[in-house]
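Residue numbers (the numbering used here), protein chains in the order written: chain A, 1 to 500; chain B, 1001 to 1251. Below you'll find the structure, written out as structure tokens, and then a few comments.
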Ligand SMILES: Nc1ncnc2c1ncn2[C@@H]1O[C@H](COP(=O)(O)OP(=O)(O)OP(=O)(O)O)[C@@H](O)[C@H]1O
Ligand SMILES: [Mg+2]
């Protein structure tokens, strides 16, 4: 692009005369985007076109695709996973207001989700014989959530960073304690204690919209209406939050995240803005809680615990905190991965695909890639040959999760009938070798990578697949670590500069 | 005689046992450019922190436009009409250049979260006004902070331009009094000269009253204050030394 073609900025005429300073560093940075476009060729142009598409176009496409999902998938399980994913997206959007925009480390976020769920259960069940219509309950709960967020923010009025995190964590703990012991709160059974509110007696009502009850299950499987309800909630919340973010309030939140003192001195009431961010996050969480309680026809204290908090935080951080699209992608990636990893057969696909993808990412199409892949495959067959020659029992152990992949792999990775102490030894050895791998460079690394990969496959097949629950979170953690190393601000996060 | 815009009455500030400011009297009249000078650690930045409400003075009173601002929240003081820049730059680095300036219009704009969610016509009009204001404030710097840079993140600016952006951001709060903390620190002689001219222009065209910290004035040949803070000058000679011309020094 020549100077003449560059769009003239929207400034008064007298100021655009060319007599400016020579091109300096700033110009270089400013034109970086243009250069990327030139370099990319046709692919770059497509990328640029996609980038330029407005957010509402993306949102529309996404919502339409999600709404069409039940057409393609009749399985109640798939629909339920889709529902859960959208619910997580909603939760992540709320947390993004507090963490991503306000820059406030709120570890009590899930308490507001729980609060919303409990409020819904109390307002439409036999617990106190209150049966408000859904169109009244949901707004009431949202307001309760917003007010609670505001009140919880008050004690943290002057806190920030670690202190704020500790105080909100404390409130989360209080919430859990109150809810689990709430069956004799001042002599009344309010929260149902550790049994929660649910079952036939409590009879928590499902949503009732446009005069129709939305039963939780429809002829035995997940009622797809809830997918549409949560999608509608999601779309509305997305747009409203987007509008707030593009207003002076949103700019003030981001200023607060960047530098609270400077924000205060530029005329922004920092403490008030913090409360507002808390309040918005809490309102979204409470809204998510209502739909959760309605769908499950009850609430149970164990749901609102630390694992959920960590999962939602992982979504926000992995996707890119501060970016709405980012946290949505984060929610999808994390929830779909966790679902896939539930089943040993699927988990195997994920594991090997990730390894091959990671190798491609690091080595591209190069000699080294061929050496690593070829070497690992050859090593496998050699080890397998030797092991089976020594004793058949070395290779005919039970496979976890049958599918075509393991049928092929059985000739390559050894699965002994009885591992004995080797279970722990190989596991620890794998960690050791991976650490060693970070210390060596060049061809040494390639050479070391071959046995490491084989060892990883061995440990995966023999150790990790036997304990899928723990493995799920280990794999998720590994993915989180690698993404954070490759892209510190998350998958779609804007590049952040902390100190310059 | 111009009216007193800012007046410090026997202001003292101590951090624990450390007395940084001692019974300081100082006044700034409307339309004046006053320079504060003193060696490192004399308490110049502390003085700014006192005026803008970051610290509350241990003794004395601060009066702005006829009203005591002692003990007020900093954002309220800013709203009354005092804005500042920072010696160690404190831009919102991960926001764009124009957003930095737009954010500072917060105090004198009104549309709240609900109006933003509904995008009411009034809110959208105000949003347009904020953008115009920001563009106008950035345009004050001529070629230095020109259009195509406005959507770049602030961290992509060079050091000197960050200093300029801080001044632009401060002016977006619509202040009457502008406090500049070493605006030329780290700049080369040409740029320093440019900043001097800019300060004159800010007063003459922008209509701001200016209190500026600048202690590195040996280049200009006049060294007025030495030693402790009591010698902080509101002397005309300081102004002259800083701006180089007699004309800008006269009230
Ligand atoms: N919050 C604080 N707590 C304790 N001491 C402080 C605090 N703020 C400033 N001081 C002390 O006050 C003294 C004056 O600091 P100040 O930053 O005002 O100096 P200055 O005149 O701006 O110096 P410089 O020319 O280097 O910018 C220093 O000794 C500093 O250590
Ligand atoms: Mg200083």
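Using N, Cα and C, we set each Cβ at its ideal position, and we do this for glycine too. All values derive from a computational prediction rather than experimental measurement.
| Are there 16 or more other CB atoms within 10 angstroms of the CB of residue 1202 (chain B), so buried, or fewer, so exposed? | Taking a 10 Å sphere around the C-beta of residue 1202 (chain B), we find 16 or more other C-beta atoms and assign the residue as buried.
| field | Beta carbon of residue 1084 (chain B) nearer than 8 Å to that of residue 1204 (chain B) | value | Against a cut-off of 8 Å, the Cβ pair of residue 1204 (chain B) and residue 1084 (chain B) comes out as no contact.
| query | Closer than 8 Å, Cβ to any Cβ of chain B: which residues of the segment 268-285 of chain A, in chain order? | reply | Listed in sequence order: 268, 269, 270, 276 and 280.
| field | Distance, residue 1130 (chain B) Cα to residue 209 (chain A) Cα | value | Here the C-alpha atom of residue 209 (chain A) lies approximately 42 Å from the C-alpha atom of residue 1130 (chain B).
| Unbroken beta strand (DSSP E) run spanning residue 1209 (chain B), endpoints | Where residue 1209 (chain B) is concerned, the enclosing beta strand (DSSP E) stretches over 1209-1213.
| task | Please determine, among A:129, A:101, A:303 and A:163, the residue with the shortest C-alpha to C-alpha distance to residue 112 (chain A). | result | It is A:303 whose Cα lies nearest to the Cα of residue 112 (chain A).
| Should residue 1011 (chain B) be labelled buried (16 or more other beta-carbon atoms within 10 Å of its own) or exposed? | Looking at its Cβ environment, which holds 16 or more other Cβ atoms inside 10 Å, residue 1011 (chain B) is buried.
| request: Note down, one range per segment and in chain order, each beta strand (DSSP E) of at least 3 residues found wholly within the segment 1067-1094 of chain B. | output: For the beta strand (DSSP E) assignment, the uninterrupted runs of no fewer than 3 residues enclosed by the segment 1067-1094 of chain B are, from N- to C-terminal side, 1082-1084.
| task | State yes or no: is the C-beta of residue 1181 (chain B) nearer than 7 Å to some heavy atom of ligand 2? | result | For residue 1181 (chain B), the shortest separation between its Cβ and any heavy atom of ligand 2 lies below 7 Å.
| task | Check the Cβ-Cβ distances between residue 106 (chain A) and every residue of chain B, and say whether any is below 8 Å. | result | So, not an interface residue.
| task | Using the Cα positions of residue 57 (chain A) and residue 1068 (chain B), report the straight-line distance between them to the nearest angstrom. | result | When rounded, the distance between both Cα atoms is 53 Å.
| request: Between the Cα of residue 106 (chain A) and those of A:275, A:396, A:297 and A:238, spot the shortest distance and give me the residue it belongs to. | output: With distances taken between Cα atoms, residue 106 (chain A) lies closest to A:275.
| query | Do three or more CB pairs link the segment 1103-1115 of chain B to the segment 1158-1173 of chain B at distances below 8 Å? | reply | Taking 8 Å as the limit for Cβ pairs, the verdict is that the segment 1158-1173 of chain B does touch the segment 1103-1115 of chain B.
| Between which two residues does the alpha helix (DSSP H) carrying residue 458 (chain A) extend? | The continuous alpha helix (DSSP H) containing residue 458 (chain A) extends over residues 442-462.
| task | Taking all protein chains shown into account, decide if residue 1075 (chain B) is buried (16 or more other Cβ within 10 angstroms of its Cβ) or exposed. | result | Buried: at least 16 other Cβ atoms inside 10 Å.
| request: Output yes or no for whether 8 Å exceeds the beta carbon distance between residue 236 (chain A) and residue 94 (chain A). | output: One thing to note: residue 236 (chain A) has its Cβ no nearer than 8 Å to the Cβ of residue 94 (chain A).
| Own chain partners of residue 67 (chain A) with C-beta closer than 7 Å, once the 5 adjacent residues on each side are dropped | Cβ neighbours of residue 67 (chain A) beyond the five flanking positions: 228 and 231.
| message | Does the structure place the segment 1136-1156 of chain B close enough to the segment 1080-1099 of chain B that three or more beta carbon pairs sit under 8 Å? | response | Yes, the segment 1080-1099 of chain B touches the segment 1136-1156 of chain B.
| query | Of the choices A:257, A:151 and A:233, whose alpha-carbon is the least far from that of residue 97 (chain A)? | reply | Ranking A:257, A:151 and A:233 by Cα distance to residue 97 (chain A) puts A:257 first.
| field | In DSSP terms, what residue 267 (chain A) is bridged to | value | Bridge partners of residue 267 (chain A): none, in fact.
| Counting along the chain, where does the alpha helix (DSSP H) carrying residue 1201 (chain B) start and finish? | Counting along the chain, the unbroken alpha helix (DSSP H) around residue 1201 (chain B) starts and ends at 1189-1201.
| query | Roughly how many angstroms separate the alpha carbons of residue 453 (chain A) and residue 364 (chain A), rounded to a whole number? | reply | C-alpha separation (whole angstroms): 17 Å.
| query | Does the distance from the C-beta atom of residue 328 (chain A) to that of residue 490 (chain A) stay below 8 Å? | reply | No, they are not a contact pair.
| said: For the alpha helix (DSSP H) containing residue 1033 (chain B), name the first residue and the last one. | reply: Careful: residue 1033 (chain B) lies outside any alpha helix (DSSP H), inside the beta strand (DSSP E) at 1033-1036.
| request: For residue 208 (chain A), name the three-state secondary structure that DSSP assigns. | output: In the three-state DSSP reduction, residue 208 (chain A) falls in the strand class (E or B).
| task | Decide if residue 45 (chain A) is buried, meaning its Cβ has at least 16 other Cβ atoms within 10 Å, or exposed. | result | Classification for residue 45 (chain A): exposed.
| query | If you pair each beta-carbon of the segment 435-448 of chain A with each one of the segment 465-485 of chain A, do three or more pairs fall below 8 Å? | reply | By the Cβ rule, the segment 435-448 of chain A does not count as touching the segment 465-485 of chain A, because fewer than three pairs are nearer than 8 Å.
| Range of the contiguous beta strand (DSSP E) that encloses residue 1009 (chain B) | From DSSP, the beta strand (DSSP E) with residue 1009 (chain B) extends over 1004-1015.
| message | Using a Cβ-Cβ distance cut-off of 8 Å, determine whether residue 264 (chain A) contacts chain B. | response | It does: the Cβ of residue 264 (chain A) has a partner Cβ on chain B nearer than 8 Å.
| field | Pair within 8 Å by beta-carbon distance, residue 79 (chain A) and residue 171 (chain A) | value | No.
| query | chain B partners of residue 244 (chain A), CB-CB under 7 Å? | reply | The answer, in chain order, is 1113, 1116 and 1117.
| field | Residue closest to residue 301 (chain A), alpha-carbon to alpha-carbon, out of A:289, A:312 and A:311 | value | Nearest option by C-alpha distance: A:289.
| request: Could you have a look at residue 1174 (chain B) and say whether DSSP puts it in helix, strand or coil? | output: Per DSSP, reduced to three states, the secondary structure at residue 1174 (chain B) is coil, with no helix or strand assignment.
| task | For residue 110 (chain A), I'd like the list of residues in its chain whose CB is within less than 6 Å of its CB, leaving aside the five on either flank, ordered along the chain. | result | The answer, listed in chain order, is 304, 308 and 309.
| So is residue 1064 (chain B) in contact with chain A if we call contact Cβ pairs under 8 Å? | Answer no: the Cβ-Cβ gap between residue 1064 (chain B) and chain A never drops below 8 Å.
| field | Residues that residue 1019 (chain B) bridges to, as DSSP identifies them | value | B:1014.
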